[in-house]
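**Student:**
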Amino acid sequence: MSYSIFLFRFVDGEVVELDFERFRHVTEPYVVAGGPEEGFSQLRAEDGGEADLYYEPRGGSGMLCVTATHFARGAMLGVLVRLAEALGASIVPQDSGALIFYESERRHLPAELQGNAVVIAPTKEALQAAFDAH
29 MSYSIFLFRF VDGEVVELDF ERFRHVTEPY VVAGGPEEGF SQLRAEDGGE
79 ADLYYEPRGG SGMLCVTATH FARGAMLGVL VRLAEALGAS IVPQDSGALI
129 FYESERRHLP AELQGNAVVI APTKEALQAA FDAH
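For the sequence shown, our numbering assigns the number 29 to the initial residue and increments by one for each residue that follows.
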């Protein structure tokens, strides 16, 4: 799928760093190319679905954003949901409002994202349904 989503963690309307070790822990089993040194990882899920992730580690401990492109539906959506949940991140699709897992996260979004944010369950099915709705 040639579509991008962005993983951001927001606190009080500001972007804060994502934990790089949590990122590594979730993605490492799926990496088939690239890695932290390149700021790019190609992932492959158990059903063969792939995704390209782009990120820029900051000082080795954090990063501000993870961009996922060319991701397959199916098991890869589950990987992306687990990654977002582990990072405490919101999923921000390129063409729609933010996707959050808990209503309590809405107040942390920037004001321009709060009104259109949608609460979804942290499952691949819920993420798929959110994409299908737009």
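The C-beta atom is built at its ideal place from N, Cα and C for all residues, glycine as well.
#1: Since residue 96 and residue 108 are thought to touch, with beta carbons under 8 Å apart, how far apart are those beta carbons, to the nearest angstrom?
#2: Tell me the rounded alpha-carbon separation between residue 39 and residue 118.
#3: Could you give the uninterrupted runs of the alpha helix (DSSP H) lying entirely in the region 60-134, keeping only those of 4 residues or more?
#4: With three or more C-beta pairs closer than 8 Å as the rule, is the region 66-81 touching the region 132-142?
#5: Report yes if the C-beta distance between residue 82 and residue 99 is below 7 Å; otherwise report no.
#6: When the Cα atoms are used, what is the spatial distance from residue 121 to residue 49?
#7: Could you check the C-alpha separation between residue 41 and residue 141 for me, to the nearest Å?
#8: Cβ of residue 61 less than 7 Å from any chain B Cβ?
#9: For my contact list, residue 54 and residue 111 are in at a C-beta cut-off of 8 Å; report their separation, rounded to the angstrom.
**Tutor:** The short version:
#1: The sequence position of residue 96 within the sequence shown is 68, counting from 1. The sequence position of residue 108 within the sequence shown is 80, counting from 1. Confirmed, about 6 Å.
#2: Here residue 39 is taken as the residue at index 11 of the sequence shown, counted from 1. Here residue 118 is taken as the residue at index 90 of the sequence shown, counted from 1. Taking the straight line from one Cα to the other gives about 11 Å.
#3: 103-115
#4: no
#5: Within the sequence shown, residue 82 is the residue found at index 54, counting from 1. Within the sequence shown, residue 99 is the residue found at index 71, counting from 1. No.
#6: Walking along the sequence shown from the start, residue 121 turns up at place 93. Walking along the sequence shown from the start, residue 49 turns up at place 21. Between residue 121 and residue 49, the C-alpha separation is close to 24 Å.
#7: Locating residue 41 in the sequence shown gives position 13, counting from the first residue. Locating residue 141 in the sequence shown gives position 113, counting from the first residue. Answer to the nearest angstrom: the Cα atoms are 9 Å apart.
#8: Absent here is chain B; the protein component of the structure consists of one chain.
#9: Within the sequence shown, residue 54 is the residue found at index 26, counting from 1. Within the sequence shown, residue 111 is the residue found at index 83, counting from 1. About 5 Å; that satisfies the 8 Å criterion.
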